[in-house]
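Numbering (our numbering), first residue to last: 26 to 142.
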């Protein structure tokens, strides 16, 4: 099956893109695809440990923590995106590997398909 790289670029509660991205990732594993997630731009806010979802909205961080049950274990976060938002590893609620821009380009080139949310 295919190696998929999913680029998460939006905040967790500003619209449906973050939720759609997670739904897509989980669905892809059900079809046997290998999935990697990279959080970049405003997508790094999805990883924050201090989240207060609006009433009636599922906690995005809890969904991220459940990805291991779907064999999604490779989570990456863009170092320049963290730095430009004055965030560090201590601010994240899930474990993710911090990568530089060059490593991000390598992930993109290695993937069979890249999908952006």
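Glycine included, C-beta positions come from ideal geometry on N, C-alpha and C.
| Item | Value |
| --- | --- |
| Please list, in chain order, all residues of the same chain as residue 82 whose beta carbon is under 8 Å from its beta carbon, the five residues on each side excluded. | 38 |
| Quick check: the Cα distance between residue 45 and residue 124, rounded to an integer number of angstroms? | 24 Å |
| What number of angstroms, rounded off, separates the C-alpha of residue 133 from the C-alpha of residue 77? | 32 Å |
| Here's the rule I'm using: 16 or more other beta-carbon atoms within 10 Å means buried, otherwise exposed. How should residue 52 be labelled? | exposed |
| For residue 61, which residues of its own chain have a beta-carbon under 6 Å away from its beta-carbon, when the five flanking residues on both sides are left out? | 30, 99 |
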